[in-house]
Every structure is written in structure tokens, then in C-alpha cells.
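Trainee: Residue numbers (the UniProt record's numbering): 1 to 104.
Where a beta carbon is used, it is the ideal one built from N, C-alpha and C, also for glycine.
Got a structure for you, questions after.
Below, the structure is given as C-alpha cells:
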């Protein structure tokens with residue numbers, strides 16, 4: 001991307017829970033490469049949002065890199081992990097809360 005839209009890229013990545021881990025200029029140009037991690041769950045619609053915010057001057061390439069555990073209890077709907085569970089259950093047409101038997 002051109003250096004003039006880097007702030008837009010940072011802004012979009014922050015809104016989509018992205019984490020920038022590398023940025024460098026392409027030799028002999030005014031273009032930059034920005035490398036970031038973006039949760040897969042947050043990636044749907046990302047390309048259009050990024051290109052729109054950068055005036056069509058940013059061109060993302062997405063590649064799977066690694067797995068990472070979500071923080072929190074998946075049975076607590078207020079935690080990040082629990083929020084993902086609730087949204088997944090809604091998308092699949094299931095009740096928002098699971099009936100998990102007590103182990104005690």
C-alpha cells in the first residue's frame with residue numbers, strides 16, 4: 001500500500017482485532033508491506049472494509065498462520081470464548097445456552 005493509507009490500515013486492523021507484527025517499505029517505491037494477524041472469525045468482510053477505508057489502494061492477501069486459544073470460559077457468555085460459542089450456536093439454529101451436565 002502507499003504510505004498515505006497506512007493509518008487507515010492500522011485503524012481497520014484495530015477495529016477487526018488484528019495485530020500488526022511487521023511493516024517495511026518496498027525498496028525503490030513509496031509502497032509499504034504491512035503484515036498482521038487477523039482472527040479468522042473476524043476476517044469475513046475484511047477485504048471490502050479495508051479497501052474501502054484505504055480508497056482502493058490496499059490489497060490484502062490472507063494466509064492461515066497459526067491457532068491461538070481464546071481467553072475466557074466458553075460457558076460464560078460474557079467472555080470472548082463464550083461470545084464465540086453463543087454466536088456459533090445462533091448461526092446453527094441452536095439454543096444460545098448449552099445444557100452441560102455438572103461434573104461434581
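With respect to the beta strand (DSSP E) encompassing residue 33, which residues constitute its N-terminal and C-terminal limits?
Mentor: By one-based count along the chain shown, residue 33 stands at place 33. Note, residue 33: beta strand (DSSP E), 32-37.
Trainee: Could you spell out where the beta strand (DSSP E) holding residue 42 opens and where it closes?
Mentor: Counted from its first residue, the chain shown places residue 42 at position 42. Neither: residue 42 is in no beta strand (DSSP E) and is coded neither H nor E.
Trainee: With a cut-off of 8 Å on the beta carbons, I'd call residue 67 and residue 42 a contact; round off their distance for me.
Mentor: Walking along the chain shown from the start, residue 67 turns up at place 67. Walking along the chain shown from the start, residue 42 turns up at place 42. No, residue 67 and residue 42 are not in contact; Cβ-Cβ is about 15 Å, not under 8 Å.
Trainee: Whose C-alpha, out of 72, 26 and 8, is nearest the C-alpha of residue 81?
Mentor: Position 81 of the chain shown, counting from 1, holds the residue named residue 81. Answer by Cα proximity: 72.
Trainee: I'd like to confirm the pairing. Which residues does DSSP put opposite residue 137 in its beta bridges?
Mentor: Here the chain has residues from 1 to 104 only, and residue 137 is not among them.
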